[in-house]
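Below you'll find the structure, written out as structure tokens, and then a few comments.
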Amino acid sequence: MSKLQKAWFYNEYGSIDVLQFGEVPVPTPGPGQLLVKIRAAALNPVDFKRRDGRIRIADSDFPTVPGCDAAGVVVEVGDGVSKFKNGDEVYSDIQNFVVGKRKQWGTLAQYTVVEEYLVAPKPTNLSFEEAASLPLALLTAQQAFDIAKFEKGKSVFIVGGAGGVGSLAIQLARHVYEASKIVSTASTGKLDFVKNLGADLVIDYTKQSYDQISEKFDFVFDTIGDSSKSHVVAKEEAKILDIASFQPHSRIEFFRLSPHGQNLEKLQPYIESGKLKPVIDPKSPYSFSDVIEAFKHQESGRARGKIVISPIE
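Residue numbering for the sequence shown follows the working numbering, starting at 328 and increasing by one per position.
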């Protein structure tokens, strides 16, 4: 009989009310996989969009444990694993939505299995909570700049600078990709927060419609699905990427993240030097018993940075 673990899960699509707390099997690592004891996890919008049924293509079987991001300790390795061993501290976006079905066993659980190629060593200067906040959002922002073939000295307009992806995109633009100008949007109470991340100018979207500004940018990165407006601030030849609208404006390209642990490792020097900093919502970390409240806060749209769950026990 398989071992059981505590987890959050749902057996049907629906509102937050379908989430249950109980016991599910501890998964067994297959070839090329690791079993990780999760110390901290983080929420992403895709987690509640899967739960409410908006994203059903190639979805997992029920019961589904939500969650993509985690940091923890390797406790078992499958055949063929060569890079990691028991006791290693790691972090990962465990869900590769581009390949096959979505995983049934996510990260809002005591244990999860993950393919070795998705895993990276936890940066030495980060806590488990800080590390868990990074993978999906950081990799998404990095991939956007890479798809755009962003070059040093170009300008970027980031829609939604206070969110999980936007807050890291600003830091990447400043410290990794060396943008000449970074402009972003935020609500009144978050303007200073976004400016301190590295934005040169922050537009208060509650007071000014940013599609009315005259300046045009080399790259527009829309993190909130506002493509009916965001395209107007792009130069004619500019790349415009949207991660939140499945039917974006015709000028805009929607993309899904293809996560890889090697990309986290490439950014490790920037993380360990303090140039790239985790941005964790002030209400975090939520305890494992308060996952419902964490999702409510996320779905309110008022979070500032990433929502983290810890400790998971």
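Using N, Cα and C, we set each Cβ at its ideal position, and we do this for glycine too.
task = Can you say whether residue 589 is buried or exposed, counting buried as having 16 or more other CB atoms within 10 angstroms of its CB?
result = Here residue 589 refers to the residue found at position 262 when the sequence shown is read from its first residue. So residue 589 counts as exposed.
ask   = Cα-Cα, which of 425, 459 and 394 is closest to residue 375?
value = Start at 1 with the first residue of the sequence shown, and residue 375 comes out as number 48. Checked all of 425, 459 and 394; the closest Cα to residue 375 is 394.
request  = Please determine if the segment 497 to 510 and the segment 465 to 483 are in contact, where contact requires at least 3 C-beta pairs separated by less than 8 Å.
outcome  = yes
ask   = With a cut-off of 8 Å, do at least 3 Cβ pairs link the segment 567 to 581 to the segment 418 to 432?
value = no
query = How big is the Cα-Cα spacing for residue 553 and residue 559?
reply = The sequence position of residue 553 within the sequence shown is 226, counting from 1. The sequence position of residue 559 within the sequence shown is 232, counting from 1. Going by the C-alpha atoms only, they are around 11 Å apart.
task = Keeping to the same chain, check which residues put their C-beta closer than 8 Å to that of residue 502; ignore five residues upstream and five downstream.
result = Looking up residue 502 in the sequence shown gives position 175. Cβ within range, chain order: 525, 597, 602 and 603.
request  = For the alpha helix (DSSP H) containing residue 520, list its first residue and its last residue.
outcome  = For the purposes of this step, residue 520 is taken as residue 193 along the sequence shown, with counting starting at 1. Here the alpha helix (DSSP H) through residue 520 covers 518 to 524.
task = Can you tell me which of 411, 606, 348 and 550 puts its alpha carbon nearest to the alpha carbon of residue 582?
result = Counting from 1 along the sequence shown, the entry for residue 582 is found at position 255. Measuring from the Cα of residue 582, the nearest candidate turns out to be 550.
task = Label residue 632 either buried or exposed according to how many other C-beta atoms from any shown protein chain fall within 10 Å of its C-beta, with 16 as the threshold for buried.
result = Here residue 632 corresponds to residue number 305 of the sequence shown, with the count starting at 1. With 16 or more other Cβ atoms within 10 Å, it is buried.
inquiry  = If the criterion is Cβ atoms closer than 9 Å, does the pair residue 611 and residue 634 meet it?
reply    = Position 284 of the sequence shown holds residue 611. Position 307 of the sequence shown holds residue 634. It is a contact, given that the beta carbons lie within the stated cut-off.
query = Can you name the start and end residues of the alpha helix (DSSP H) that residue 623 belongs to?
reply = On the sequence shown, position 296 is the one that residue 623 refers to. Residue 623 -> alpha helix (DSSP H) spans 618 to 626.
query = Between the segment 460 to 476 and the segment 342 to 359, are three or more C-beta pairs nearer than 8 Å?
reply = no
request  = Measure the CB-CB distance between residue 400 and residue 364 and report whether it falls below 9 Å.
outcome  = In the sequence shown, the residue the question calls residue 400 occupies position 73. In the sequence shown, the residue the question calls residue 364 occupies position 37. Cβ distance < 9 Å, so residue 400 and residue 364 count as in contact.
ask   = residue 596 by DSSP, collapsed to three states: which one?
value = What you label residue 596 is simply residue 269 of the sequence shown in a count that begins at 1. Three-state result, residue 596: helix.
task = Mind checking which residues open and close the alpha helix (DSSP H) that includes residue 373?
result = As a working mapping, residue 373 is identified with position 46 in the sequence shown. Element bounds for residue 373: 372 to 378.
ask   = Which one or two residues does DSSP pair with residue 531 in a beta bridge?
value = Indexing the sequence shown from 1 puts residue 531 at position 204. Partner(s): 513.
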